[in-house]
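In this text, residue positions in the sequence shown follow my numbering: the first is 557, and each later residue adds one.
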Amino acid sequence: MFALKKITMASLTVLIMFAAIPAQLKAGNEKQAISTTTTTTSTTASSEANVLLLRLNEIKAMDMQALNSSEKKELRKEVRAIKSDLKAKDEGVYLSVAAILIIILLLVLLL
Numbered sequence: 557m558f559a560l561k562k563i564t565m566a567s568l569t570v571l572i573m574f575a576a577i578p579a580q581l582k583a584g585n586e587k588q589a590i591s592t593t594t595t596t597t598s599t600t601a602s603s604e605a606n607v608l609l610l611r612l613n614e615i616k617a618m619d620m621q622a623l624n625s626s627e628k629k630e631l632r633k634e635v636r637a638i639k640s641d642l643k644a645k646d647e648g649v650y651l652s653v654a655a656i657l658i659i660i661l662l663l664v665l666l667l
């Protein structure tokens, strides 16, 4: 009985340590982050996002060699602004794998 408590406490401590790792460190790795988005997104926000994505595709399709350096610089600024706008409009909730494991483990232990 005492060994079981010891193992449980050790495993909970390890899981809490993994939960303390900031999600920003794993932001580049999309395989370990799960996004859950709400369905309350308005149609205007999604249409604006589609317009921004179309503009990004237009810029990617352009022949960059035909442009001079100042035009390229303006396009880079525009791409950065569009990407920051798209990130700002993202309304998802991100949970790390460790957080999901802790939630599942707590549910199993409590129920």
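Using N, Cα and C, we set each Cβ at its ideal position, and we do this for glycine too.
In the displayed model, Leu623 falls within coil according to three-state DSSP, outside both helix and strand. According to the DSSP assignment, Leu666 belongs to the alpha helix (DSSP H) that extends over 653 to 666.
Beyond the five residues adjoining it in sequence on each side, Asp641 comes within less than 8 Å, by CB distance, of Leu608 in the same chain, given in chain order. By the C-beta density criterion, Ala559 is exposed, having fewer than 16 other C-beta atoms within 10 angstroms. Counting other Cβ atoms within 10 Å of its Cβ, Ala654 reaches 16 or more and is therefore classed as buried. It is roughly 50 Å from the alpha-carbon of Arg611 to the alpha-carbon of Leu666.
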